Amino acid sequence: MPALSDFETPNTPTWCPGCGNFGMSRALRTAYSELGLPFEKLAVVWGIGCHGNGADFTRCQGFHALHGRALPIATGLHLSNPDLTVVVEMGDGDAFGIGLGHFAHSCRRNLDITSITHDNQVYGLTTGQASPTTEQYAHSPSTPTGVLEQPVNTVGLAIAEGATFVARGFSDDVEHLTGLVKEAITHRGFAVLDVFQPCVTWNKLNTHAWFRDRIYKLEESGWDPTDRAAAMALTMTTFSELTCSPEECRIPTGVIYRETGRPTYADGLPQLTGPLWKQALTPRDISKALAEQS
Ligand code: SF4
100 MPALSDFETP
110 NTPTWCPGCG
120 NFGMSRALRT
130 AYSELGLPFE
140 KLAVVWGIGC
150 HGNGADFTRC
160 QGFHALHGRA
170 LPIATGLHLS
180 NPDLTVVVEM
190 GDGDAFGIGL
200 GHFAHSCRRN
210 LDITSITHDN
220 QVYGLTTGQA
230 SPTTEQYAHS
240 PSTPTGVLEQ
250 PVNTVGLAIA
260 EGATFVARGF
270 SDDVEHLTGL
280 VKEAITHRGF
290 AVLDVFQPCV
300 TWNKLNTHAW
310 FRDRIYKLEE
320 SGWDPTDRAA
330 AMALTMTTFS
340 ELTCSPEECR
350 IPTGVIYRET
360 GRPTYADGLP
370 QLTGPLWKQA
380 LTPRDISKAL
390 AEQS
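So for the sequence shown, this note's numbering puts the first residue at 100; every next one is plus one.
Set out below in structure tokens:
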């Protein structure tokens, strides 16, 4: 089994002290180690955000994509080399703003890849503007009189669009998060793991303490993650409100929905028998087609 240190590089993360990225990074590398993922089989695609420089700190086949475009890159990687374990890390603006279309279509394709979001409910990298998951009426540099829209229901959207594994984690609980990452990666199909990851510099509302006061674990409440309708209904309660007290506002973490047996996108492409680069080039005679064009 590769050691945790096998997924580290000599570079030191540049995140703010106290950032939830540290817990997420630890959980991800621990999961890679415990799953025994060899370096050459692990491909991680990062989007844009404070987490996005993760390729500097994680030893793997890494790709730093454009804002919102991590999922298309990951799709290409997965389909051109089905032997890879493909993990995507995105921010909430990345996945649910500019990349929302890619996210929805990836869910309905049931691609066999893992989508993990650093959900800190703010654009941290660009100094605190409201993101698609910022709470309604919250004030930010870009919304000085408050956000008018409701936040995107990230996990509800994933279930509605066809993701077959949908979970939520919290970056402070590294052990629990590690287990969720492992379940997401080993799930066959599109796995969505939305992780609350406090931004201590720009989000003064959804702090570490704020989450700790409200979060509970689904597996400790006897939750059945196979009931899609119930899972969808549960996600409607995961919205928080500015005035919501810890007693009124309970936020579930853990596996919200899991479906096994649904064909993946690649199942419909039997020609994908392995990495494309290993397939023999078969010369084709195209002279007839060229002649018809002339
Ligand atoms: Fe983390 Fe926020 Fe600092 Fe970015 S700005 S590194 S998200 S605490």
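Here a beta-carbon is modelled for each residue, glycine too, at the ideal position from N, C-alpha and C. Keep in mind the model is a prediction, meaning the values are calculated, not measured.
Tell me which same chain residues have a C-beta within less than 7 angstroms of the C-beta of residue i, skipping the five on either side of it?
i    : result
R349 : R313, Y315
A237 : A229, G245, V246, L304, L341
I172 : V144, F162, A164
W114 : N120, F121, C149
With respect to 8 angstroms, is the separation between the Cβ of residue i and the closest non-hydrogen atom of the ligand SF4 below this value?
i    : result
T300 : yes
G161 : no
G146 : no
V294 : no
V221 : yes
G367 : no
G175 : no
G119 : yes
C348 : no
C206 : no
L210 : no
L224 : yes
C149 : yes
Terminal residues of the continuous beta strand (DSSP E) containing residue i?
i    : result
K303 : Run containing K303: none; DSSP gives neither H nor E here.
E188 : 184 to 190
G353 : 350 to 357
Y364 : Looking at the DSSP string, Y364 is not in any beta strand (DSSP E), and its letter there is neither H nor E.
K377 : No beta strand (DSSP E) contains K377, which DSSP labels as neither H nor E.
Who are the near neighbours of residue i in its chain, counting only those whose CB is closer than 8 angstroms to its CB and skipping five residues on each side?
i    : result
A154 : V143, W145, G161, F162, H163
Helix, strand or coil for residue i? Go by DSSP, reduced to three states.
i    : result
A290 : strand
D384 : coil
S239 : strand
E234 : coil
V107 : Strictly speaking, residue 107 in this sequence is Glu, with Val absent from that position. DSSP places E107 in strand when its eight states are reduced to three.
Q296 : coil
Q228 : strand
Give every residue of the same chain whose Cβ lies closer than 6 angstroms to the Cβ of residue i, excluding the five residues on either side of it in the sequence, and list them in chain order.
i    : result
A130 : T277, V280, K281
A290 : T213, F264, A283
I301 : Just to set this straight, residue 301 is Trp in the shown sequence, not Ile. V221, G223, G227, listed in sequence order.
Nearer than 8 angstroms: is that true of the beta carbon of residue i relative to any heavy atom of the ligand MN?
i    : result
W114 : Annotation note on the ligand MN: not contained in the displayed structure, which lists the ligand SF4 as its ligands.
Starting from residue i, trace the alpha helix (DSSP H) both ways and give me its first and last residue.
i    : result
M331 : 327 to 334
- Task: Identify every run of the alpha helix (DSSP H) within the segment 242 to 274, keeping only runs that are complete inside it and at least 4 residues long; order them along the chain.
- Result: Runs of the alpha helix (DSSP H) spanning 4 or more residues and lying entirely within the segment 242 to 274 occur at 253 to 260, in chain order.
- Note down, one range per segment and in chain order, each beta strand (DSSP E) of at least 3 residues found wholly within the segment 133 to 168. For the segment 133 to 168, whole beta strand (DSSP E) runs of length 3 or above, ordered along the chain, are 141 to 145, 160 to 163.
- Message: Ignoring anything shorter than 4 residues, give me the alpha helix (DSSP H) runs that lie fully in the segment 187 to 217, in order along the chain.
- Response: Runs of the alpha helix (DSSP H) spanning 4 or more residues and lying entirely within the segment 187 to 217 occur at 199 to 208, in chain order.
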